[in-house]
Amino acid sequence: MIEWAENIILETSKVVWPSRKDTIAMTIVVCVFVAIASVLLFVIDNVSRELVNLIIQ
1 MIEWAENIIL
11 ETSKVVWPSR
21 KDTIAMTIVV
31 CVFVAIASVL
41 LFVIDNVSRE
51 LVNLIIQ
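Just so it is clear: in the sequence shown, position 35 is 35 by this note's numbering, and no numbers are missing.
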């Protein structure tokens with residue numbers, strides 16, 4: 001069990017962590033893409049709802 005914990009610490013020290021600047025940039029990119037996807041899904045949902053209403057009438 002101790003060896004396992006030591007291996008975890010050793011492997012974690014090998015990880016190359018992104019800089020604060022990179023992390024902020026990646027977070028902004030993710031937020032922008034989530035916003036774009038949300039708008040697209042909203043539009044698709046409303047258009048499909050209207051199409052179904054037209055078909056039903």
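For every residue, glycine included, the Cβ atom is placed at its ideal position computed from N, Cα and C.
Our two residues, ILE2 and GLU11, have alpha carbons roughly 14 Å apart in a direct line.
For ILE9, there are no CB contacts under 6 Å within the same chain when 5 residues up- and downstream are skipped. When secondary structure is reduced to three states using DSSP, SER19 falls in the coil class, being assigned neither helix nor strand.
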